[in-house]
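First comes the structure, then the notes that go with it.
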Amino acid sequence: MDRKTLLKGISSRLKKIRLELGVSHEKMGSYFGVGRTSYTKNENGETFPHLCSFNILGNNFGVSLDWLILS
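Quick note, the sequence shown lines up with residues 102 to 172 if you use this note's numbering.
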């Protein structure tokens, strides 16, 4: 899997999680300790989320890292 495909998949799943939680970009960013702009870049596929974000998703929201990264 190439970088672009991986980033596209992760970003679409981040959006799915945020919408299921019913929170704003700003609120989702606050969960990860980043601002709205940084989180939005993650969700738009412009940048990869920080490794700590994956940990937070797994531990606090029950998100499978296999699903987030490999689906």
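Glycine included, each C-beta is placed from N, C-alpha and C at the ideal position.
These numbers were taken from a predicted model, which means no experiment stands behind them.
Residue burial classification, residue i (beta-carbon count within 10 angstroms, cutoff 16)
| i | result |
| --- | --- |
| Ile111 | buried |
| Phe133 | buried |
Rounded straight-line distance, which links the Cα of residue j to that of residue i
| i | j | result |
| --- | --- | --- |
| Trp168 | Val135 | 23 Å |
| Thr138 | Leu108 | 17 Å |
| Glu121 | Arg114 | 10 Å |
| Ile170 | Cys153 | 14 Å |
| Phe162 | His126 | 16 Å |
| Tyr140 | Ser172 | 21 Å |
| Pro150 | Asn143 | 6 Å |
Worksheet item: In chain order, which alpha helix (DSSP H) runs of at least 4 residues are fully inside the segment 111-170?
Response: Annotation: the segment 111-170 contains the following complete segments of the alpha helix (DSSP H) (minimum length 4 residues), in chain order: 126-133, 137-144, 152-162.
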